[in-house]
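Have a look at the structure below, then the notes.
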Amino acid sequence: MRTFQTGDLPAIDRRLAATASLPTPTPLEETFNMLIACKSAVATFPLQVMLDSLATTHQPATWATAKGVCRDFMRVKNIGISFNCTDRDMVTRLGGLKLNICGRPFPIREYSEYSHLYWIDLTLANDTQAEDVWTYFDNLASHQS
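With our numbering, letter number 52 in the sequence shown gets 1370, and the count goes up by one each step, no holes.
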């Protein structure tokens, strides 16, 4: 803050001071989306309270080490806390780790390249074959193109 109180700094120095705490930009292909599965905490607490809890309560050493490569925390309604990790090795180490959020343990889901895909529930007859499902969706896709 003292940097801004002295009025004799050049504009470039003020800009550097203002952006010093921002994370280094990372290419999209080097970020890995992860999720803390904490549905009940998300339903009860605002994001800031949960992030404060993550920062102030006792957490596993792996989480403390990973803080520098985790960013972009977002509250996902009815699911948990989504965040990006920029270190592939740390992604592997974080998967399955349990964190304490507001007094309760919640796991970080294992990373999957397919986590961004949508899943649907189907109610099918007992005699339905996998090929029938494939054919249905294949025909549906061909009609849309």
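Where is the CB? At the ideal position from N, CA and C, for every residue including glycine.
Which residue marks the beginning of the alpha helix (DSSP H) containing Phe-1455, and which one marks its end?
Translated into the one-based positions of the sequence shown, residue 1455 becomes position 137. Unbroken alpha helix (DSSP H) run through Phe-1455: 1448 to 1462.
With Lys-1416 as the anchor, note down where its beta strand (DSSP E) starts and where it stops.
Within the sequence shown, residue 1416 is the residue found at index 98, counting from 1. Annotation for Lys-1416: the continuous beta strand (DSSP E) segment containing it runs 1416 to 1419.
Backbone CA spacing between Glu-1428 and Ala-1329 [nearest angstrom]:
Your numbering for residue 1428 matches position 110 in the sequence shown. Your numbering for residue 1329 matches position 11 in the sequence shown. Going from the Cα of Glu-1428 to the Cα of Ala-1329 covers about 44 Å.
Cβ-Cβ separation, Ala-1359 to Cys-1420 (assumed contact under 8 Å), whole Å:
Against the sequence shown, residue 1420 aligns to sequence position 102. Against the sequence shown, residue 1359 aligns to sequence position 41. With a beta-carbon spacing of about 6 Å, Cys-1420 and Ala-1359 fall inside the 8 Å limit used to define contacts.
Quick one: grab the DSSP three-state call for Asp-1407.
By 1-based counting over the sequence shown, the position of residue 1407 is 89. Helix.
Cβ pair count under 8 Å reaching 3, the segment 1355 to 1370 against the segment 1392 to 1403
Under the 8 Å Cβ criterion, the segment 1355 to 1370 counts as touching the segment 1392 to 1403, having at least three qualifying pairs.
Going by C-alpha distance, which of Thr-1349, Asp-1331 and Leu-1442 is nearest Glu-1431?
Counting from one through the sequence shown, the residue named residue 1431 turns up at place 113. Minimum Cα distance to Glu-1431 is reached at Thr-1349.
Distance check for Arg-1389 and Arg-1422, CA to CA, integer angstroms please.
Stepping through the sequence shown from its first residue, residue 1422 is reached at position 104. Stepping through the sequence shown from its first residue, residue 1389 is reached at position 71. In this structure, the CA atom of Arg-1422 is about 22 Å from the CA atom of Arg-1389.
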